[in-house]
Every structure is written in structure tokens, then in C-alpha cells.
Amino acid sequence: MNKKELDNALIFPQGEKNPYGAYFTGQSYLEGMIADKDLPFGVGNVTFEPGCRNHWHIHKDGYQVLLVTAGEGWYQEEGKEAQLLHAGDTIVTHAGVKHWHGATKDSWFSHVAITAGEAVWLEEVSDEWYNTV
Numbered sequence: 001m002n003k004k005e006l007d008n009a010l011i012f013p014q015g016e017k018n019p020y021g022a023y024f025t026g027q028s029y030l031e032g033m034i035a036d037k038d039l040p041f042g043v044g045n046v047t048f049e050p051g052c053r054n055h056w057h058i059h060k061d062g063y064q065v066l067l068v069t070a071g072e073g074w075y076q077e078e079g080k081e082a083q084l085l086h087a088g089d090t091i092v093t094h095a096g097v098k099h100w101h102g103a104t105k106d107s108w109f110s111h112v113a114i115t116a117g118e119a120v121w122l123e124e125v126s127d128e129w130y131n132t133v
């Protein structure tokens with residue numbers, strides 16, 4: 001998916017450059033959607049440029065639900081094969097499961113992330129690792 005196709009497909013705003021960019025390889029964007037201190041979770045639309053992915057991470061004392069809305073991306077849990085994602089796919093990551101997600105090499109990718117608990121950021125997904133998925 002190229003940028004023009006992404007712009008036509010997005011149902012939520014792309015957002016601004018991701019303030020958590022230090023935990024990503026490549027450029028991502030974040031649009032905060034729900035940040036209510038009385039709720040035990042946050043919701044944001046995350047958009048990845050082609051080849052962009054976040055670092056390995058876990059969700060401590062919480063979870064993450066991904067609702068894919070546009071493009072093609074990858075999701076991988078440690079010790080498992082990477083899963084190719086398309087619009088309409090959903091992922092549930094339970095507390096303490098080491099994983100990463102991001103765009104394929106040649107497509108923009110966007111998902112809504114519903115996240116509870118604390119993200120603990122770990123090592124980068126190396127180019128060598130990423131190029132094997």
C-alpha cells in the first residue's frame with residue numbers, strides 16, 4: 001500500500017510523529033484516541049511507514065489488542081512464526097508475552113492499539129531478523 005492508498009483507506013487520523021519513536025526502527029505516527037485517566041486502558045491509532053517496526057516489548061500487568069485498519073504488517077511473538085496482517089485482522093497479546101509489530105517492507109500499515117498496563121521496551125528487531133520474516 002502506498003501513501004495515497006493509505007490516505008484513502010484510513011478511517012482514523014494518522015496523527016503526528018510518534019513520541020515513542022525511540023522504540024521504533026523507522027518512522028511511525030500516533031493519534032491518541034482515548035486517554036481517560038478513569039479507564040484502565042488507552043486507545044491510539046498507530047501508522048507505520050514501509051519497513052517501520054517497533055522494538056520487542058512486553059505489556060506488564062496488562063494486555064494489547066490490535067485492530068488492523070489499513071495496509072500490510074507483521075506481528076510476531078517470541079518463539080513463533082511472524083503473522084502477516086491485513087485490514088480486518090485482530091491480535092490479542094496477553095501480559096508478559098514478548099512480541100513486536102510493524103509494516104512490511106513495501107507497504108504502509110495502520111492499526112488501532114488498545115493497551116492496558118505498562119509497556120516494557122526491549123531490544124530492537126534487527127534488520128537481519130526483520131529481513132527473514
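At position 21 of the sequence shown (counting the first as 1) the number is 21 in the UniProt record's numbering, and the numbers step up by one without a gap.
C-beta atoms are modelled at their ideal positions from N, C-alpha and C, and glycine is treated no differently.
C-beta atoms of glycine 44 and glycine 32 nearer than 8 Å = By 1-based counting over the sequence shown, the position of residue 44 is 44. By 1-based counting over the sequence shown, the position of residue 32 is 32. Yes, they are a contact pair.
Per DSSP, leucine 66 is paired with what?
-> The sequence position of residue 66 within the sequence shown is 66, counting from 1. Answer is Ile91 and Ala113.
Other residues of its chain near cysteine 52: CB distance less than 7 Å, five sequence neighbours each side excluded = As a working mapping, residue 52 is identified with position 52 in the sequence shown. Within the same chain, cysteine 52 has close Cβ partners Phe24, Thr25, Gly26, Gln27, Ser28, Gly102 and Ala103.
Is isoleucine 58 near valine 92, with beta carbons less than 8 Å apart?
-> Here residue 58 refers to the residue found at position 58 when the sequence shown is read from its first residue. Here residue 92 refers to the residue found at position 92 when the sequence shown is read from its first residue. Contact flag unset, no.
My guess is that threonine 115 and glutamine 64 are in contact by the Cβ rule of under 8 Å, so how many angstroms apart are they, rounded?
-> In the sequence shown, residue 115 corresponds to position 115, counting from 1. In the sequence shown, residue 64 corresponds to position 64, counting from 1. The Cβ separation is near 5 Å, so the contact holds.
Within its chain, find whatever has a CB closer than 7 Å to the CB of aspartate 89; leave out the 5 residues flanking it on each side and keep chain order.
-> On the sequence shown, residue 89 is found 89 positions in, with the first residue counted as 1. Only Val68 meet the Cβ criterion.
Residues near aspartate 36 by beta carbon distance below 6 Å, same chain, minus five either side | Here residue 36 refers to the residue found at position 36 of the sequence shown. Same-chain partners within the cutoff: there are none.
Limits of the unbroken beta strand (DSSP E) element including alanine 9 = Taking the sequence shown and counting its residues from 1, one reaches residue 9 at position 9. Element bounds for alanine 9: not the beta strand (DSSP E) but the alpha helix (DSSP H), 3-9.
Glutamate 77 to phenylalanine 48 span [Cα, whole Å] | Within the sequence shown, residue 77 is the residue found at index 77, counting from 1. Within the sequence shown, residue 48 is the residue found at index 48, counting from 1. Rounded to whole angstroms, glutamate 77 to phenylalanine 48 spans 19 Å at the Cα level.
Separation of alanine 119 from threonine 132, as counted between CA atoms = Along the sequence shown, read from residue 1 onward, the residue named residue 132 stands at position 132. Along the sequence shown, read from residue 1 onward, the residue named residue 119 stands at position 119. Using only the alpha carbons, I get a separation of about 25 Å.
Glutamate 16, buried or exposed, once every other Cβ within 10 Å from all chains shown has been counted against 16 = Numbered from its first residue, the sequence shown carries residue 16 at position 16. Its Cβ having fewer than 16 others within 10 Å, glutamate 16 is exposed.
Whole-Å CB distance - serine 107 paired with proline 50, under 8 Å assumed | Start at 1 with the first residue of the sequence shown, and residue 107 comes out as number 107. Start at 1 with the first residue of the sequence shown, and residue 50 comes out as number 50. Right, their Cβ atoms sit about 6 Å apart.
Figure out for me which residue from Leu66, Val112, His99 and Asn18 has the closest Cα to the Cα of tryptophan 129.
-> Sequence index remark: in the sequence shown, residue 129 carries index 129 (1-based). Taking only the C-alpha atoms, the option nearest tryptophan 129 is His99.
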